[in-house]
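Peer 1:
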Amino acid sequence: MRLSSTKQDPVTFLSLIRQCIDTKSISDIKKVQTQIMKSGFLLGFGDKLIDGYLKCGGVVDARKLFDELPKRHIVTWNSMISAHIGHKRTKEAIGLYKKMILEGVFPDEYTFSSIFKGFSEMGSLREGQRAHGFSIILGLEASNVFVGSALVDMYSKFGQMRDAKLVADRVVKRDVVLFTALIVGYSQHGEDREALAVFVSMINGGVKANEYTFASILIACGNVENLGNGKLIHGLIIKSGFESVVASQTSLLTMYSKCGLIDDSLKVFKRFANPNLVTWTSLIVGLVQNGKEEVALTKFRQMTRNSINPNAFTLSSVLRACSSIAMLEEGKQIHAIVTKHGLDRDTYCGAALVDLYGKCGSTEMARLVFDDIIELDVVSMNSMMYSYAQNGLGHEALEMFNRMKDLGLQPNDATFVSVLIACSNAGLVEEGCQIFASMKKNHDIELTRDHYACMVDLLGRSGRLEEAEALIEKVRNPDVVLWRSLISACVIHGEVKMAERIKDKVLKLAPGDEGTHVLLSNIYASTGNWSQVIEMKTTMREMRLKKDPAMTWVDIDREVHTFMAGDWYHPRSKEIVETLKELMERVKSVGYVPDTQFVLHNLKEEKKERCLYYHSEKLAIAFALWRTSNKTTSIRIFKNLRVCGDCHNWIKYVSKVVNREIISRDSKRFHHFKNGSCSCGDYW
DNA sequence: CTAGGGTTAG
Numbered sequence: 001m002r003l004s005s006t007k008q009d010p011v012t013f014l015s016l017i018r019q020c021i022d023t024k025s026i027s028d029i030k031k032v033q034t035q036i037m038k039s040g041f042l043l044g045f046g047d048k049l050i051d052g053y054l055k056c057g058g059v060v061d062a063r064k065l066f067d068e069l070p071k072r073h074i075v076t077w078n079s080m081i082s083a084h085i086g087h088k089r090t091k092e093a094i095g096l097y098k099k100m101i102l103e104g105v106f107p108d109e110y111t112f113s114s115i116f117k118g119f120s121e122m123g124s125l126r127e128g129q130r131a132h133g134f135s136i137i138l139g140l141e142a143s144n145v146f147v148g149s150a151l152v153d154m155y156s157k158f159g160q161m162r163d164a165k166l167v168a169d170r171v172v173k174r175d176v177v178l179f180t181a182l183i184v185g186y187s188q189h190g191e192d193r194e195a196l197a198v199f200v201s202m203i204n205g206g207v208k209a210n211e212y213t214f215a216s217i218l219i220a221c222g223n224v225e226n227l228g229n230g231k232l233i234h235g236l237i238i239k240s241g242f243e244s245v246v247a248s249q250t251s252l253l254t255m256y257s258k259c260g261l262i263d264d265s266l267k268v269f270k271r272f273a274n275p276n277l278v279t280w281t282s283l284i285v286g287l288v289q290n291g292k293e294e295v296a297l298t299k300f301r302q303m304t305r306n307s308i309n310p311n312a313f314t315l316s317s318v319l320r321a322c323s324s325i326a327m328l329e330e331g332k333q334i335h336a337i338v339t340k341h342g343l344d345r346d347t348y349c350g351a352a353l354v355d356l357y358g359k360c361g362s363t364e365m366a367r368l369v370f371d372d373i374i375e376l377d378v379v380s381m382n383s384m385m386y387s388y389a390q391n392g393l394g395h396e397a398l399e400m401f402n403r404m405k406d407l408g409l410q411p412n413d414a415t416f417v418s419v420l421i422a423c424s425n426a427g428l429v430e431e432g433c434q435i436f437a438s439m440k441k442n443h444d445i446e447l448t449r450d451h452y453a454c455m456v457d458l459l460g461r462s463g464r465l466e467e468a469e470a471l472i473e474k475v476r477n478p479d480v481v482l483w484r485s486l487i488s489a490c491v492i493h494g495e496v497k498m499a500e501r502i503k504d505k506v507l508k509l510a511p512g513d514e515g516t517h518v519l520l521s522n523i524y525a526s527t528g529n530w531s532q533v534i535e536m537k538t539t540m541r542e543m544r545l546k547k548d549p550a551m552t553w554v555d556i557d558r559e560v561h562t563f564m565a566g567d568w569y570h571p572r573s574k575e576i577v578e579t580l581k582e583l584m585e586r587v588k589s590v591g592y593v594p595d596t597q598f599v600l601h602n603l604k605e606e607k608k609e610r611c612l613y614y615h616s617e618k619l620a621i622a623f624a625l626w627r628t629s630n631k632t633t634s635i636r637i638f639k640n641l642r643v644c645g646d647c648h649n650w651i652k653y654v655s656k657v658v659n660r661e662i663i664s665r666d667s668k669r670f671h672h673f674k675n676g677s678c679s680c681g682d683y684w
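Residue numbering for the first sequence is 1 to 684, as defined by full-length UniProt numbering.
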């Protein structure tokens, strides 16, 4: 801007400032300010200049000038305060608020409408309440809906919904903003039904919802999986013409996926002309929640191809997709993207990475990520603990548990699930019992079925069967899973009589429980009681019960290969059998003896051996060894059931003769086979 | 010359 040196009258100054605002140039305002100061007119233009600075985003420069002025208009105070709030300079905004009161300038309705947000952002409930009191004295609380809704928002953010409601009820003319603030407050504090009630009363009161209201109320519908209302509101959105507003569309998408209608979410998504980052992320999250992890990854790639950069939200969700189905290779690629965006140390991404590596059996890698997280929280620590628990590292898990307490973090119910599994898998029976006892006493944790299940497993596995039974008796409505886990403990310890007694209990509770039948036939088979096995199998057939077939899968070069016992559908079955034969010879030569007690059919020894031969994990391992070179130092397999004793023993030998690490995740935990032994110490 | 509410994560 060229400043004229001749014309220095007030009218010129005003128009110069206006020009600066139009061009959003802070440096130009500075020049104008210098010129005004030279001409001695500053006092008259102070407020105008500040207005100019603020409109151009120059909060710091505005403040500098503001402090030099001897007197400022109330409007200028208010502009300063709201601009500081808007620029997240909360402390300074509150400082200005206090300063104005000290200087005898009373806050007005404009001041209050901005300053309450400052208190909620600072987390200063007390100060907020004091300011609230002041607004009542000045008669501005109920008479001005801007002040009222700012207050409702503040109390909502503090979770003080009673106070939020009280203020809302006192406001004379309630509008859509006030109602929306109340709806959001309720829904963000788990009172979604209350949120819906507010919405209904708003509509009945003749106040029309807008895009903000729709966005918020749909979240409430999703949270309580209230599809009926969700659909009604979808209709209302169309009627009110907000169909193409991104935020309400995004909430609509989320609502459908939370209600399990992922196809409807996809339909909503298709109508977006230009989906933004939040929309893409919502879709990805929905897909993961609905078990469509692979689609989630495809969508993620599509998103990045459309040059939309992921943020921590997106990346942590994509990582969840990878960890929930243990896609380690994909996960590693996402990890690289996380690093590229500098989010390795982010609490959410960090926790998701820990979860990924933990669920893939790489506890060391999980720990490396974990140690880099800047701000640890309960979830990230739970993930680390769970990883230790699954891999049988009980002491490390307990160490983490203690560190959590040292950090002053409140352990939650998931924490205890991990800790108890850790104790169970590492055989830390006494420790587990003590921790279990302390949960309610010292941590005020509500005991869930999961906790009881962990304890039954812990006691049962270590042979304390009666204690385990007594514990189940204490549960109000013990479910089949608890009893079943006790029966499987009986199987491990060969307690046939007890198993039968418990079976009768279970079948009274759930007559057709297939798991129980399977377990019983297992215990009969392992003790050679074939007539009982046949009887059980007949009963099962008559009741049309089918057990889940054992399956093992292995991920090689991002392709998942699934194997079932004795199935030869794999295109490479010829190579698999050859590899298997060769392996068998090699492991037998170093001491492996097939253990046919794990064959649960009444067959001749020779045939039993063949049965063992073709267990799904053996097929998967043979395939993996055939497909990968010796340079691949470790092989990862996954199994839907628990590993059988013979396979466990066999894999130990295999790991020795091929000199590779074999990591196996079964339905209960990880086994790391290396150089002839397993990380579980044969206790599982 | 100034003011209030909304969309994505374990």
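We treat Cβ as the ideally placed atom computed from N, Cα and C, and that holds for glycine.
Considering Cα atoms alone, identify which of L459, D344, R72 and L519 is closest to L428.
Peer 2: Residue mapping note: residue 428 aligns to position 428 of the first sequence, counting from 1. Taking only the C-alpha atoms, the option nearest L428 is L459.
Peer 1: Excluding sequence positions up to five away, which residues of its chain have a Cβ less than 6 Å from the Cβ of T76?
Peer 2: In the first sequence, counting from the first residue as 1, residue 76 sits at position 76. Contacts found: D47 and I50.
Peer 1: Mark D28 as exposed unless 16 or more other C-beta atoms lie within 10 angstroms of its C-beta, in which case mark it buried.
Peer 2: For the purposes of this step, residue 28 is identified with residue 28 of the first sequence, where counting begins at 1. By the neighbour-count rule (16 or more Cβ atoms within 10 Å), D28 is buried.
Peer 1: N229 to C221, Cα distance in whole Å?
Peer 2: Along the first sequence, one-based indexing puts residue 229 at 229. Along the first sequence, one-based indexing puts residue 221 at 221. Computed Cα separation, rounded: 7 Å.
Peer 1: Would you give the residue range spanned by the alpha helix (DSSP H) that W553 belongs to?
Peer 2: Locating residue 553 in the first sequence gives position 553, counting from the first residue. Note, W553: premise wrong, no alpha helix (DSSP H); beta strand (DSSP E) at M551 to I556.
Peer 1: Buried or exposed for T279, going by 16 or more other Cβ atoms inside 10 Å?
Peer 2: By one-based count along the first sequence, residue 279 stands at place 279. Burial call: buried.
Peer 1: So I26 packs on G58, CB below 8 Å; how close in whole Å?
Peer 2: Position 26 of the first sequence holds residue 26. Position 58 of the first sequence holds residue 58. That belief holds up - the Cβ atoms of I26 and G58 are roughly 4 Å apart, short of 8 Å.
Peer 1: From S216 to E225, what does the alpha carbon distance come to, in whole angstroms?
Peer 2: Counting from 1 along the first sequence, the entry for residue 216 is found at position 216. Counting from 1 along the first sequence, the entry for residue 225 is found at position 225. Each residue's alpha carbon lies about 14 Å from the other.
Peer 1: Quick check: the region 525 to 541 against the region 612 to 621, are there 3 or more CB pairs under 8 Å?
Peer 2: They do not touch, by the three-pair rule.
Peer 1: Assuming contact is defined by CB atoms lying nearer than 9 Å, are I284 and F300 in contact in what I supplied?
Peer 2: Translated into the one-based positions of the first sequence, residue 284 becomes position 284. Translated into the one-based positions of the first sequence, residue 300 becomes position 300. Yes; because the gap between Cβ atoms is below 9 Å, this pair is in contact.
Peer 1: Rounding to the nearest angstrom, what Cα-Cα distance links C678 and D153 in this structure?
Peer 2: Counting from one through the first sequence, the residue named residue 678 turns up at place 678. Counting from one through the first sequence, the residue named residue 153 turns up at place 153. In a straight line, the C-alpha of C678 is about 56 Å away from that of D153.
Peer 1: Could you pull out every residue in the same chain whose Cβ sits closer than 7 Å to the Cβ of L297, ignoring the five residues on either side in sequence?
Peer 2: By one-based count along the first sequence, residue 297 stands at place 297. Cβ within range, chain order: V318, A321 and E330.
Peer 1: According to DSSP, E559 sits in a beta bridge with which residue or residues?
Peer 2: Numbered from its first residue, the first sequence carries residue 559 at position 559. E559 pairs with I556.
Peer 1: In three-state terms, what does DSSP make of K173?
Peer 2: Position 173 of the first sequence, counting from 1, holds the residue named residue 173. Here K173 sits in coil by DSSP.
Peer 1: How close, in whole Å, do the beta carbons of L178 and V145 come, if the pair is a contact with beta carbons under 8 Å?
Peer 2: Taking the first sequence and counting its residues from 1, one reaches residue 178 at position 178. Taking the first sequence and counting its residues from 1, one reaches residue 145 at position 145. Sure, about 6 Å apart at Cβ, within 8 Å.
Peer 1: Given this structure, state the Cα-to-Cα distance separating M572 from A422, to the nearest angstrom.
Peer 2: For the purposes of this step, residue 572 is taken as residue 572 along the first sequence, with counting starting at 1. For the purposes of this step, residue 422 is taken as residue 422 along the first sequence, with counting starting at 1. With the sequence shown as reference, residue 572 is identified as Arg, and Met is not the correct amino acid for it. Cα-Cα distance, rounded: 39 Å.
Peer 1: Could you tell me the boundaries of the alpha helix (DSSP H) in which K208 lies?
Peer 2: Here residue 208 refers to the residue found at position 208 when the first sequence is read from its first residue. Premise fails: K208 is in no alpha helix (DSSP H) and is neither H nor E.
Peer 1: Could you tell me the distance, in whole angstroms, from the CA atom of G133 to the CA atom of N78?
Peer 2: As a working note, residue 133 is residue 133 in the first sequence. As a working note, residue 78 is residue 78 in the first sequence. When rounded, the distance between both Cα atoms is 19 Å.
Peer 1: So what does DSSP say about E661, is it helix, strand or coil?
Peer 2: To locate residue 661, count along the first sequence from 1; it is residue 661. Three-state result, E661: strand.
Peer 1: Report all residues from its chain with a CB closer than 6 Å to the CB of A620; omit the five preceding and five following residues, and keep chain order.
Peer 2: On the first sequence, position 620 is the one that residue 620 refers to. Closer than 6 Å at the Cβ level, and outside the excluded window around A620, lie T552, V554, F563 and I637.
Peer 1: Mapping the DSSP letters down to three states, classify R636 as helix, strand or coil.
Peer 2: Counting from one through the first sequence, the residue named residue 636 turns up at place 636. If DSSP states are grouped into helix, strand and coil, R636 belongs with the strands.
Peer 1: Ignoring anything shorter than 4 residues or poking outside the region 358 to 387, list the alpha helix (DSSP H) runs there in chain order.
Peer 2: DSSP runs (the alpha helix (DSSP H)) wholly in the region 358 to 387: 363 to 372.
Peer 1: Is there contact between the region 410 to 421 and the region 379 to 387, where contact requires at least three CB pairs shorter than 8 Å?
Peer 2: Flag = yes, the region 410 to 421 and the region 379 to 387 touch.
Peer 1: Using the Cβ count rule (16 or more neighbours within 10 Å means buried), how would you classify Y524?
Peer 2: Here residue 524 is taken as the residue at index 524 of the first sequence, counted from 1. So Y524 ends up on the buried side.
Peer 1: Give the single residue among V643, F673, D9 and R642 whose Cα lies nearest to the Cα of K656.
Peer 2: One-based indexing of the first sequence puts residue 656 at position 656. The option with the nearest alpha carbon to K656 is F673.
Peer 1: Per DSSP, what kind of secondary structure is C644 in: helix, strand or coil?
Peer 2: Stepping through the first sequence from its first residue, residue 644 is reached at position 644. C644 falls in the coil class under three-state DSSP.
Peer 1: Strictly by DSSP, which residues pair up with K405?
Peer 2: For this step, residue 405 is matched to residue 405 along the first sequence. Answer is none; K405 lacks a bridge partner.
Peer 1: Buried or exposed for H451, going by 16 or more other Cβ atoms inside 10 Å?
Peer 2: Here residue 451 refers to the residue found at position 451 of the first sequence. When all chains shown are included, H451 counts as buried.
Peer 1: Is the region 177 to 193 touching the region 153 to 164, taking contact as three or more C-beta pairs under 8 Å?
Peer 2: The region 177 to 193 is in contact with the region 153 to 164.
Peer 1: Classify H672 as helix, strand or coil using the three-state DSSP reduction.
Peer 2: Along the first sequence, one-based indexing puts residue 672 at 672. If DSSP states are grouped into helix, strand and coil, H672 belongs with the strands.
Peer 1: Name the DSSP beta bridge partners of M536, please?
Peer 2: For the purposes of this step, residue 536 is taken as residue 536 along the first sequence, with counting starting at 1. For M536, which the question treats as bridged, DSSP gives no partner whatsoever.
Peer 1: Who does S677 pair with in a DSSP beta bridge?
Peer 2: Residue 677 sits at position 677 when you count from the first residue of the first sequence. S677 pairs with K674.
Peer 1: Tell me which residues share the same chain as V379 and place their Cβ nearer than 7 Å to its Cβ, disregarding the 5 neighbours each side in the sequence.
Peer 2: For the purposes of this step, residue 379 is taken as residue 379 along the first sequence, with counting starting at 1. Cβ neighbours of V379 beyond the five flanking positions: A351.
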